[in-house]
């Protein structure tokens with residue numbers, strides 16, 4: 721029974737890691753786009769998306785922690 725109860729936790733941990741990896745890749749792609757296309761009309765959209773993605777990443781990593789990306793919004 722003990723081994724069975726550990727399985728969902730292991731699966732949940734793996735799913736969380738995959739989600740965090742996808743969010744990290746998204747943040748990197750957004751940062752690259754912002755650097756490569758500084759004059760793009762989409763810059764503000766990318767900046768907003770990056771902020772939201774970063775906030776989601778931090779909430780998943782530390783659900784009880786404070787939002788380190790808060791800029792006094």
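In this note's numbering, the protein residues as written are 721 to 793. Just so it is clear, CB atoms sit at the ideal spot from N, CA and C, and this is done for glycine as well. Quick caveat, the model's predicted, so the values are computed rather than measured.
Item                                                                                       : Value
Exposed unless 16 or more other CB atoms sit within 10 angstroms - verdict on residue 765  : exposed
Residue span of the alpha helix (DSSP H) that contains residue 782, given as start and end : Note, residue 782: premise wrong, no alpha helix (DSSP H); not H, not E.
Of the listed residues 740, 730, 755, nearest to residue 780 (C-alpha basis)               : 740
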